[in-house]
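Read through the structure below, which is laid out as structure tokens, and then see the notes.
There are 2 protein chains.
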Amino acid sequence: MRYYPTTTISSSLFSLFRRTRSLRSSAVVTPPMATTEDSLRQALAEKQSTIDARGTAIRQLKSSGASKSEIDEAVKALNDLKLEKTSIENQLKASISGEGSSCNKEAFRQAVVNTLERRLFYIPSFKIYRGVAGLYDYGPPGCAVKSNVLAFWRQHFVLEEDMLEVDCPCVTPEVVLKASGHVDKFTDLMVKDEKTGNCYRADHLLKDFCKDKLENDLAMSADKAAELKHVLAVLDDLSGEQLGAKIKEYGIVAPDTKNPLSDPYPFNLMFQTQIGPSGASTGYMRPETAQGIFVNFRDLYYYNGNKLPFAAAQIGQAFRNEISPRQGLLRVREFTLAEIEHFVDPDDKSHPKYSEVSSLKFLMFPRDEQMSGQSAKVLCLGDAVSKGIVNNQTLAYFIGRVYLFLTRLGIDEKRLRFRQHLPNEMAHYAADCWDAEIESSYGWIECVGIADRSAYDLRAHTDKSGVALVAQEKFAEPKEVEKLVITPVKKELGLAFKGSQKMVVEALEAMNEKEAMDMKAALETKGEVEFEVCTLGKTVTIKKNMLSISKEIKKEHQRVFTPSVIEPSFGIGRIIYCLYEHSFYMRPSKAGDEQLNVFRFPPLVAPIKCTVFPLVQNQQYEEVAKQISRSLTAAGVSNKKDITGTSIGKRYARTDELGVPFAVTVDSTSSVTIRERDSKDQIRVNVDEVAAVIKEVSEGRCQWTDILQKYPAHTSASADE
Amino acid sequence: MRYYPTTTISSSLFSLFRRTRSLRSSAVVTPPMATTEDSLRQALAEKQSTIDARGTAIRQLKSSGASKSEIDEAVKALNDLKLEKTSIENQLKASISGEGSSCNKEAFRQAVVNTLERRLFYIPSFKIYRGVAGLYDYGPPGCAVKSNVLAFWRQHFVLEEDMLEVDCPCVTPEVVLKASGHVDKFTDLMVKDEKTGNCYRADHLLKDFCKDKLENDLAMSADKAAELKHVLAVLDDLSGEQLGAKIKEYGIVAPDTKNPLSDPYPFNLMFQTQIGPSGASTGYMRPETAQGIFVNFRDLYYYNGNKLPFAAAQIGQAFRNEISPRQGLLRVREFTLAEIEHFVDPDDKSHPKYSEVSSLKFLMFPRDEQMSGQSAKVLCLGDAVSKGIVNNQTLAYFIGRVYLFLTRLGIDEKRLRFRQHLPNEMAHYAADCWDAEIESSYGWIECVGIADRSAYDLRAHTDKSGVALVAQEKFAEPKEVEKLVITPVKKELGLAFKGSQKMVVEALEAMNEKEAMDMKAALETKGEVEFEVCTLGKTVTIKKNMLSISKEIKKEHQRVFTPSVIEPSFGIGRIIYCLYEHSFYMRPSKAGDEQLNVFRFPPLVAPIKCTVFPLVQNQQYEEVAKQISRSLTAAGVSNKKDITGTSIGKRYARTDELGVPFAVTVDSTSSVTIRERDSKDQIRVNVDEVAAVIKEVSEGRCQWTDILQKYPAHTSASADE
């Protein structure tokens, strides 16, 4: 019998389902273990009680009129103890903040973000009106990076995998999101300042409280610290009541006003609106693009020649009305998703191109390693499948393809891991889920979710719309199948149940095989049986003459089934932000007097592939620069001229900061210098070859190292060396 | 003094401004002239009155007992008259419907739309839930066409013109759209069914009534017909009161129920929502992308090295909550816009690349031709500028670039015209506006608006935000400028006006040069003057001792000004729909027993560039087909294998219907046949050259005719000939 989420799913499970779907970052739940930190807290508490005891002793010495030398000696000993305590406190602070690295991380992030904002990679939206939290604009270089990432996504997934791309509206009528569960369950728990009405996310307040205590209350007992750590670990699983109880217990108040807070209550994260003028048709801005694909399953299946497997894909905006957005580009109210729904026969999840990825090796973090407190380790994808760690080939195929996608963009593979969902993180219907997590200064960030969601979504829309979203497998020859046949005798049932007859009949017909065969046996031995009819809310007595139950052999010509869906879902903004962090570095200027910023973007994603500089302001050189720029543009290579009179070193620094991989310096009218950003290698190339060389190397058809072999090096010292 | 739209703009002007901005189709207002139709109506009315008179005469003959032969003769004459009347009626019907062409248009449209829907170019959104009016999905081929159009747009405009592309959110806070005028004025007039509450667009009802009358009430007098035609011509200019009066006068009722209708009232077309959980922050889904660029002007100007001119561009979704969407893809509630805002010094609207477009010739429809009832004619763009028909070079440059963009996509240049806005269509601040209109089965459709909006938008946001959105021109040497100086004597003003002093001072300081110099003269002669202070709503007496007015010579080092903006705004969905109509044709099948559909998309926009067929189902051929498909994919050429056993002719027909320009038939393992869609020419190419040939011709680096010269023709009769 079909599963109905509204009645049987626990809200905590659903909130995890939502997180799974929602590309949120999630801390890995490591079971509390004895750590250096714990033993330091223990030592600190012991030292404090020794100090307290010595203090009392000194006061007694003084009041009992002990000698000055005796007292001085005791005070000196006490001061030594206090120094030891300070030393332990420092060790504890270092331990809490991860050997001081959180400080470095903040500084690093600040350097990246300052560069990004100054060079308009992104800008807080509507800045002249003081902005809106959680909304950002991509400025010119950010917009180019995004468009390159999306173009590569289309090439890598849609084109190479023959996917059916669709483009559906953001405005979505209520009925669709009612079916998907979003109207009822897509919520976060919120508390309100009881006086001002300001809103806060309940879990954020509790998290901030615990973190703050752990970092700053060094005198806290190891037991108390363990409790707070446990709260942090299970935070995502707490119900509204549990969150409310903890907030009360810890005396947490509104951070801005110190006013008391309301109990937590759910706030739906969808932006709501009205479709049409009547006010009678509620709509929402879609919280994900996937539903647009599911509702089109029937047409897409037909378009694919009624064959499975096939994948549909969609790139588009999604919207979440976050209660209090944080973490810059990582938690926003509007973002670009790229989603794939791969529909497959649930009985055959093999993948024809599996062998192309099965020997890949990369960091994986299976469930068991997480539960036993180990860390992620490099696994061979094929081994993970054969050992049953990854549920099936198709899921593994996408994990492999996502790995290739992210590393080709420039994500550092040492800071990329695939983390399997723990049982309590996964929706009950999901077969297996893995998140591609990328390490950034904010920690490990979920950037791609890859989930085997079984038949859940198609079934939900079949139920709500009454349109069967199913596939057929035609048998080469008809198959004989044993089928359960339940035949109610309506006359008898009518006499016995009158107005309730219909519900009793429906309940009888809905029995599964075991229930029916049990009933048959019971009726044969006892002649009657008690039967619970949920829709009536009571138990009725079924007699032998009211129905017949049998198994019959039937010929079937086809199998009709709901396909499983495997869903890789990409948070494009998150991937881009992590790529910025992974690509950023600083190096000293030629004079050594300042640090210069560089983004080491691969040419594939670089916002501009090439800059063109005349070495000096001179009409001949400027003409050559123009000509080169025109031929680059005609070849479809994005480029920028810089004809300001600034020093060539300054111009290189400007362009490095935008991550432009190649710079052409026009220093003669026949041949020019091409400089590569990271190595600062320089070669000489004839003016009429430049566009072709840059096009080849920036489209990845050859490497800079190949180019370096082919052309003479530029011998004079480069301007920024 | 600055212009404030809320107080001085007439609502009809603003509604036209909105239409200008909103890519709506607009019928050209041709002044009513004497037409064939009018004279036919006249003839019909005369014939009818003759018939009436003869009828009366016959009745008199009968009652006066005339002879049978006399009566028969009169009846025969009457019947002849009735035949003549029928003939006139038929002529009139033909004249009204444009010689029967509207019927053909409908049939043609139906053929296109059926093909588009059947092949999933587009689908009504949320179809399994019975859809939502005005929302459409792009299925796989439609999505590919759209993505090709946008990629070409980026190459043609952003890359070739060095534009700064940005990407801003759809969710927009109220303050931004308050400043732009959308919150107050972005409305359509609506009427409600007074019993059911159903909503209708007031102008649609009036338009439908007039059209229906004109088409079906043949007995209507020529005067009445002229009146209804006049109503249609001025429909867009009617105020709510005027619309309401006409609806009452004509007795128009709710079309579904025949219930009475309410008076017209404005309905705001923006989708409204709430940002954040508090309910205190109203937001809207943006009705256009342009505002995101305007609010970022300061940062973009800085990014461009504080230099003008420069252009910013944005591609993205826009939303309009239409009262009752019609016309399929042409009037929708969510659509993709591509907008350019080119910022330029208002004193210098020349364009450096103007000479590249000035010799282009195409259909233009200047204001004067429209007003005098002429039709569009082919003009040379350069002549149009030099004769002052097009306001300036930059506007003309974009008109030329839009012409090149549309025709390269495959829009038929004979069904493309650039229509200038009439004075009453243009916002008062606009310098000049031209729409690229494409003729479709729905008539001439506005697909691109190209407007010189002067400084309006930047000024509106400067006023509302308090942030100066201006540019500076630094002078090589300081310039001496004569400046008006108004110095209020606050002591005297304070004594005279007390609490109202501030408003009086502001009004005095806001005087323009002429007003100030007039006041100075009056004060010198009369000693005092009456002065109206709008903000006080009264006139006050200003005395000579209350202020000094003078002109002083000041040295200025720079000029600070608000740039003008020239805005080309592209309705991508409309362009694509018109492209579908212009690309569609039918041709007989080989057997001649059916008509086959073809889309003659140029390779640039074709959703798939190439299909690959093994001639027969055979493992060797299928292996070759796979290999060719893989090499095409690796080269970034979208392709599709069709390995069904269907006849090659059927497979060609399928792929023609998707507009695929090239088909590769694998009929040997060494060389294969390439067939071009429209000519059906076939050539033979070696297997390992295929991908390179297809890539070259589909990326437009060579033409099919060149390829045809280079490779041997396939000699055996092609399968579909």
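Taken in sequence, the protein lines are chains R and E. Heads up: the first sequence begins at 970 in this note's numbering, then just goes up one per residue. Heads up: the second sequence begins at 970 in this note's numbering, then just goes up one per residue. Even for Gly, the Cβ is constructed at its ideal location relative to N, Cα and C.
Can you list the residues of chain R that E:P1224 reaches, using a CB-CB cut of under 9 Å?
Looking up residue 1224 of chain E in the second sequence gives position 255. Per Cβ cutoff of 9 Å: no residues; E:P1224 is ~15 Å from chain R at best.
Reference E:T1642; option with closest CA among E:Q1596, E:L1627, E:Y1091 and E:V1581
Mapped onto the second sequence, residue 1642 of chain E falls at position 673. Answer by Cα proximity: E:V1581.
Can you check which of these residues, E:K1619, E:I1511, E:R1099 and E:G1468, is closest to E:M1488 by C-alpha distance?
Here residue 1488 of chain E refers to the residue found at position 519 when the second sequence is read from its first residue. Out of E:K1619, E:I1511, E:R1099 and E:G1468, E:I1511 has the C-alpha closest to the C-alpha of E:M1488.
Pair within 7 Å by beta-carbon distance, R:Q1441 and R:V1326
In the first sequence, the residue the question calls residue 1441 of chain R occupies position 472. In the first sequence, the residue the question calls residue 1326 of chain R occupies position 357. No, Cβ-Cβ distance for R:Q1441 and R:V1326 is not below 7 Å.
Whose CA, out of E:E1406, E:K1609, E:G1166 and E:K1619, lies closest to the CA of E:P1110?
Taking the first residue of the second sequence as position 1, residue 1110 of chain E is located at position 141. Of E:E1406, E:K1609, E:G1166 and E:K1619, the residue nearest in Cα terms is E:K1609.
Cut-off 7 Å between Cβ atoms - residues of its own chain near R:G1542, not counting five sequence neighbours on either side:
Locating residue 1542 of chain R in the first sequence gives position 573, where the first residue counts as 1. Taken in chain order, the residues that qualify are L1298, V1301, F1304 and T1305.
Show which residues of chain R have a CB atom less than 8 Å away from the CB atom of E:A1113.
Taking the first residue of the second sequence as position 1, residue 1113 of chain E is located at position 144. The contact set of E:A1113 on chain R, defined by CB atoms closer than 8 Å, consists of E1134 in chain order.
Three-state secondary structure assigned by DSSP to E:N1608:
Position 639 of the second sequence, counted from the first residue, corresponds to residue 1608 of chain E. In this structure, DSSP gives E:N1608 an extended state, which the three-state scheme calls strand.
How would you call E:C1179, buried or exposed, if buried means at least 16 neighbouring beta carbons within 10 angstroms?
The sequence position of residue 1179 of chain E within the second sequence is 210, counting from 1. Its Cβ being crowded by 16 or more others within 10 Å, E:C1179 is buried.
Whole angstroms are fine: how far does the CA of R:R1370 sit from the CA of R:V1656?
Position 687 of the first sequence holds residue 1656 of chain R. Position 401 of the first sequence holds residue 1370 of chain R. One alpha carbon belongs to R:V1656, the other to R:R1370, and they sit about 39 Å apart.
Same chain, Cβ closer than 7 Å to E:V1473, neighbours up to 5 away in sequence not counted:
Start at 1 with the first residue of the second sequence, and residue 1473 of chain E comes out as number 504. Around E:V1473: L1462, F1466, V1502 and V1509.
Which chain E residues are close to R:H1430, counting only those with a beta carbon under 8 Å from its beta carbon?
Taking the first sequence and counting its residues from 1, the one referred to as residue 1430 of chain R is at position 461. What R:H1430 touches in chain E: I1097.
Chain B contact for E:V1101 (CB, 7 Å cutoff):
Absent here is chain B; the protein component of the structure consists of chains R and E.
Looking at the strands, I want to know which residues DSSP matches up with E:S1134.
Sequence index remark: in the second sequence, residue 1134 of chain E carries index 165 (1-based). In the sequence as presented, Ser is not what sits at residue 1134 of chain E; that position holds Glu. Answer is E:A1282, bridged to E:E1134.
Entirely within the region 1656-1689 of chain R and at least 4 residues each: give me those alpha helix (DSSP H) ranges in chain order.
As far as the region 1656-1689 of chain R is concerned, its whole alpha helix (DSSP H) runs of at least 4 residues are 1659-1667 and 1673-1679.
Meets three-Cβ-pair contact criterion under 8 Å: the region 1133-1146 of chain E and the region 1279-1288 of chain E:
Segment contact: the region 1133-1146 of chain E against the region 1279-1288 of chain E, three or more CB-CB distances shorter than 8 Å; contact assigned.
Bridge partner(s) assigned by DSSP for E:A1399
For the purposes of this step, residue 1399 of chain E is taken as the residue at position 430 of the second sequence. Paired residues: none, contrary to the question.
How should E:K1276 be labelled, buried or exposed, when 16 other C-beta atoms within 10 angstroms of its C-beta is the threshold for buried?
Within the second sequence, the letter at position 307 stands for residue 1276 of chain E. In summary, E:K1276 is exposed, with fewer than 16 beta-carbon neighbours lying within 10 Å of its beta-carbon over all protein chains present.
Under 8 Å, with one C-beta from each stretch per pair, do the region 1114-1131 of chain R and the region 1214-1221 of chain E reach the 3-pair mark?
The answer is no - the region 1214-1221 of chain E does not touch the region 1114-1131 of chain R, with fewer than three Cβ pairs under 8 Å.
Going by C-alpha to C-alpha distance, which of E:E1592, E:D1426, E:V1633 and E:L1627 sits closest to E:N1566?
Locating residue 1566 of chain E in the second sequence gives position 597, counting from the first residue. Residue nearest to E:N1566 within the set E:E1592, E:D1426, E:V1633 and E:L1627 is E:L1627 (criterion: CA-CA distance).
Output, in sequence order along the chain, the residues in the region 1593-1618 of chain E whose CB is closer than 8 Å to any CB in chain R.
Answer set for the region 1593-1618 of chain E: T1602, G1605, S1607, K1609 and T1613.
Please report the straight-line C-alpha distance between E:L1201 and E:P1235, rounded to a whole angstrom.
Walking along the second sequence from the start, residue 1201 of chain E turns up at place 232. Walking along the second sequence from the start, residue 1235 of chain E turns up at place 266. Straight-line measurement puts the Cα of E:P1235 at about 20 Å from the Cα of E:L1201.
When you compare each of R:N1083, R:Q1672, R:I1097 and R:V1354 to E:H1430 by their alpha carbons, which one comes out closest?
Against the second sequence, residue 1430 of chain E aligns to sequence position 461. It is R:I1097 whose Cα lies nearest to the Cα of E:H1430.
Taking a contact to mean a Cβ-Cβ separation below 7 Å, would you say R:G1252 touches R:P1093 in this structure?
Taking the first sequence and counting its residues from 1, one reaches residue 1252 of chain R at position 283. Taking the first sequence and counting its residues from 1, one reaches residue 1093 of chain R at position 124. The Cβ atoms of R:G1252 and R:P1093 lie no closer than 7 Å to each other.
Between the Cα of R:Q1362 and the Cα atoms of R:M1254, R:P1315 and R:K1051, which residue gives the shortest distance?
Here residue 1362 of chain R refers to the residue found at position 393 when the first sequence is read from its first residue. Of the candidates R:M1254, R:P1315 and R:K1051, R:P1315 places its Cα closest to the Cα of R:Q1362.
As assigned by DSSP and simplified to three states, the class of R:H1311
One-based indexing of the first sequence puts residue 1311 of chain R at position 342. Residue state, collapsed to three classes: strand.
Could you tell me the distance, in whole angstroms, from the CA atom of R:Q1678 to the CA atom of R:D1650?
Numbered from its first residue, the first sequence carries residue 1678 of chain R at position 709. Numbered from its first residue, the first sequence carries residue 1650 of chain R at position 681. Distance between the alpha carbons of R:Q1678 and R:D1650 is about 12 Å.
Check whether R:S1344 and R:A1424 have beta carbons under 7 Å apart:
The sequence position of residue 1344 of chain R within the first sequence is 375, counting from 1. The sequence position of residue 1424 of chain R within the first sequence is 455, counting from 1. Taking the C-beta atoms as reference points, R:A1424 is found no nearer than 7 Å to R:S1344.
Assigned secondary structure, R:I1511 (DSSP; H/G/I helix, E/B strand, else coil)
Against the first sequence, residue 1511 of chain R aligns to sequence position 542. R:I1511 falls in the strand class under three-state DSSP.
I'd like to know whether the C-beta of R:L1104 is nearer than 7 Å to at least one C-beta of chain E.
Stepping through the first sequence from its first residue, residue 1104 of chain R is reached at position 135. Cβ-Cβ to chain E under 7 Å: yes for R:L1104.
To which residues does DSSP link E:R1653 through a beta bridge?
Stepping through the second sequence from its first residue, residue 1653 of chain E is reached at position 684. Listed as beta-bridge partners of E:R1653 by DSSP are E:T1642.
Is there at least one Cβ from chain E nearer than 7 Å to R:I1092's Cβ?
Numbered from its first residue, the first sequence carries residue 1092 of chain R at position 123. Answer yes: the Cβ-Cβ gap between R:I1092 and chain E drops below 7 Å somewhere.
Take R:P1571 and list the residues in its own chain whose beta-carbon comes closer than 6 Å to its own, dropping the five residues that flank it on each side.
Against the first sequence, residue 1571 of chain R aligns to sequence position 602. Only G1379 meet the Cβ criterion.
For R:F1698, count the other beta carbons within 10 Å of its own beta carbon; 16 or more makes it buried, fewer makes it exposed. Which is it?
The question about residue 1698 of chain R has no answer here: the residues shown for chain R are numbered 970 through 1690.
Distance, Cα to Cα, E:E1086 vs R:S1434?
As a working mapping, residue 1086 of chain E is identified with position 117 in the second sequence. As a working mapping, residue 1434 of chain R is identified with position 465 in the first sequence. Their Cα atoms are separated by approximately 21 Å.
Whole alpha helix (DSSP H) elements within the region 1199-1245 of chain R, 4-residue minimum:
Look at the region 1199-1245 of chain R and you find these whole runs of alpha helix (DSSP H), each 4 residues long or longer: 1209-1218.
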